[in-house]
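Remarks on the structure that follows.
Protein chains in written order, with the numbering used here: chain R, 3 to 302; chain L, 213 to 528.
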């Protein structure tokens, strides 16, 4: 990105683009995003799901824990149960809204933690180079040697069930890829001319690292990390589906999918619903991250 | 070339050692003593100490690791706490069953993924491209364990065409290449193959459209070569990349099939792991994960070597 920004306008550039270029990088990204309806729709869906999860007590129509033996497994649209009821007669819509809290947390928290830990390690490895680089990157290679789902299950299986353990396991899964991307871009930026120029000035190492290097590597790392959220939600819900996440009666989408699996012969629609939430959320994060990448890549 | 292969093999050794360290430490990151799963809570300190000596748990960790590694090299993965049988005896047949599913899914993924990606790349920007690209994005975003449940709902519950559980109707766990086995395989393989289809379609689409923009394709066209012949050139150039992706996917499928195996109660490594986790059968967990990870490492190695022999530029 640094190279394209430094290159300046090409002589044959269209006048409109030239104006856009002068408005600055972020306003151009924003203009490009506004012209991309898919990304906007995905963003809106994600925002809706997140807001509904945060404000669940006010949004949800019923009590998520109130069971009723008489109203078990009602199909969607029965009485005032918009999406039906689950195997204990609890309102599906309410449970899905509340379930979003845990599902989103266990999906997003590991990526954020991996971004902080793996990102810093990668930037350090790339910036310092030499033996430090070797030590950090070879350690990451070991974790890279596990298929991601297997590593997540291995660690959370050994740690035992629980949300915190699931988050730790997923953080360890996402650290190596983020670290690798951070290391690659940092090494690239470190060798660019403007960093060499900054070294010639009285700027200290810390200043070069924070201003010149970090300012240029943060974008690509963030975009990459955002693309991991869709993977994270699938694996996190998968852990929960195996029973390694939250414990009943609390629920997230993965655990709901697991418990409702017994009811596929009675209420197939209800049984499939929690998975639909995982699917939609994962898909939207995926498409949104793609859209962001396209909007932020000035070479396109 | 030979030098490259040697270097690649040498590189796999420290990785494998690292993998074994991670698997070894799985015992110690969990809550409580490794013995707590075998010993009753009211066991006296005397018995605990004796058991520790017997299992070698009184020695320092590095020594314990070396002892464990030594046994490993002779094929001894320990004894399953749950069944009392050697881990390797339980693991063998389960691994075969998982490999069958993974290979099936990888083949389907390779075939359909290349086809879809090829069509999309060849028709870049046209409706066919948009359709298959959308399909690929869906493939990588769909939670495959949910897809497995949806498939069961449609094809087993509603239509009654295919069985929903197990490997045979009678609960057998040995694959015999019978029609019944294959009928039980259909749904798990479809559920597992969506991810490789999506990933492969994306890779092949990218490779094909990049290739078609190259000058040599233009030259072939201006030479008057038929589209079919050009397609052959394209295939030859894209194949190494597609093969590499499939090889890596095979490893991921093997390690990632636990969720789908759970849905279908398929008697593979996934089911084994699932049982081991909830029985806190650490030797079983450790052994299964170690073997799966080592297979993954070897597959990466094989893929790299094959890729380098197909495209000598990689070996440098």
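Ideal placement from N, C-alpha and C gives every residue a C-beta, glycine not left out.
Between which residues of its own chain and residue i is the CB-CB distance below 8 Å, once the five residues before and five after are set aside?
i, result
"residue 523/L", "452"
"residue 439/L", "none"
"residue 261/L", "270"
"residue 219/L", "none"
"residue 35/R", "41, 42, 293, 294 and 297"
With a threshold of 7 Å on Cβ separation, who are the neighbours of residue i within its own chain once the five nearest residues in sequence on each side are excluded?
i, result
"residue 316/L", "397 and 401"
"residue 324/L", "409"
"residue 167/R", "158 and 161"
"residue 277/R", "259"
"residue 68/R", "92"
"residue 139/R", "127 and 185"
"residue 113/R", "176, 227, 230, 231 and 234"
"residue 74/R", "87, 89, 90 and 91"
Please determine, among the options, the residue with the shortest C-alpha to C-alpha distance to residue i.
i, options, result
"residue 238/R", "299/R, 225/R and 151/R", "151/R"
"residue 365/L", "113/R, 269/R and 63/R", "269/R"
"residue 267/R", "95/R, 137/R and 89/R", "89/R"
"residue 256/R", "104/R, 157/R and 29/R", "104/R"
"residue 293/L", "513/L, 482/L, 460/L and 493/L", "493/L"
"residue 119/R", "292/R, 262/R and 227/R", "227/R"
"residue 116/R", "48/R, 169/R, 218/R and 248/R", "169/R"
"residue 136/R", "35/R, 77/R and 182/R", "182/R"
"residue 48/R", "79/R, 106/R and 143/R", "106/R"
"residue 330/L", "525/L, 444/L and 420/L", "420/L"
"residue 333/L", "491/L, 441/L, 422/L and 217/L", "422/L"
Checking 8 Å against the spacing of the C-beta atoms, do residue i and residue j come in under that value?
i, j, result
"residue 175/R", "residue 154/R", "yes"
"residue 260/R", "residue 284/R", "no"
"residue 231/L", "residue 424/L", "no"
"residue 509/L", "residue 224/L", "yes"
"residue 378/L", "residue 477/L", "yes"
"residue 344/L", "residue 322/L", "no"
"residue 355/L", "residue 282/R", "no"
"residue 172/R", "residue 229/R", "no"
"residue 232/R", "residue 353/L", "yes"
"residue 431/L", "residue 519/L", "no"
"residue 295/R", "residue 225/R", "yes"
"residue 513/L", "residue 221/L", "yes"
"residue 418/L", "residue 310/L", "no"
"residue 108/R", "residue 249/R", "no"
"residue 178/R", "residue 129/R", "no"
"residue 303/L", "residue 484/L", "yes"
"residue 459/L", "residue 511/L", "yes"
"residue 471/L", "residue 243/R", "yes"
"residue 374/L", "residue 399/L", "yes"
For the ligand ATP, is there a heavy atom less than 7 Å away from the beta-carbon of residue i?
i, result
"residue 322/L", "Although the ligand ATP was asked about, the structure shown includes no ligands whatsoever."
Excluding the five sequence neighbours on either side, which residues of its own chain have a C-beta within less than 6 Å of the C-beta of residue i, listed in chain order?
i, result
"residue 65/R", "none"
"residue 45/R", "290"
"residue 488/L", "496 and 497"
"residue 100/R", "58 and 66"
"residue 235/L", "498, 501 and 502"
"residue 251/R", "67"
"residue 195/R", "none"
"residue 486/L", "474"
"residue 102/R", "51 and 55"
"residue 31/R", "297 and 298"
Assuming residue i contacts residue j under a Cβ cut-off of 8 Å, what Cβ separation, rounded to an integer in Å, is found between them?
i, j, result
"residue 125/R", "residue 216/R", "7 Å"
"residue 273/R", "residue 361/L", "7 Å"
"residue 313/L", "residue 434/L", "That pair is no contact at about 47 Å."
"residue 306/L", "residue 479/L", "6 Å"
"residue 416/L", "residue 454/L", "6 Å"
"residue 184/R", "residue 238/L", "With a Cβ gap of about 27 Å, residue 184/R and residue 238/L do not count as contacting."
"residue 465/L", "residue 318/L", "6 Å"
"residue 221/R", "residue 298/R", "6 Å"
"residue 403/L", "residue 437/L", "That pair is no contact at about 41 Å."
"residue 77/R", "residue 211/R", "Wrong, their Cβ atoms sit about 59 Å apart, outside the cutoff."
"residue 97/R", "residue 253/R", "6 Å"
**OP:** Could you run through the region 246-264 of chain R and flag, in chain order, every residue whose CB is less than 8 Å away from some CB of chain L?
**Re:** 246, 259 and 263
Exercise for the section: With 9 Å as the C-beta to C-beta threshold (strictly closer), list the residues of the region 351-375 of chain L near chain R in chain order. Expected result: 352, 353, 354, 355, 356, 357, 358, 359, 361, 362, 364, 365, 366, 368, 369 and 370
Residues within the region 503-524 of chain L neighbouring chain R, beta-carbon criterion of under 7 Å
504, 505, 508 and 509
- Item | Interfacial residues, the region 45-66 of chain R to chain L, with Cβ spacing under 7 Å | none
message = Which residues of the region 331-351 of chain L have a Cβ closer than 8 Å to any Cβ of chain R? Give them in chain order.
response = 349 and 350
**Asked** Given a limit of 7 Å on CB to CB distance, which residues of the region 226-241 of chain R reach chain L?
**Response** 232, 236, 239 and 240
| For the region 288-301 of chain R, which residues have a CB atom closer than 9 Å to at least one CB atom of chain L, in sequence order? | 288, 289 and 292
Against chain L, which members of the region 155-173 of chain R pass a CB distance test of less than 8 Å?
155, 156, 157, 159, 160, 161 and 162
*Residues in the region 116-147 of chain R with C-beta within 8 Å of chain L's C-beta atoms, listed in sequence order?*
140, 141, 143, 144, 145 and 147
Interface positions of the region 425-456 of chain L facing chain R (Cβ-Cβ less than 9 Å), listed along the chain: none
| said: Using a Cβ-Cβ cutoff of 7 Å, what residues of the region 170-196 of chain R are near chain L? List them in chain order. | reply: none
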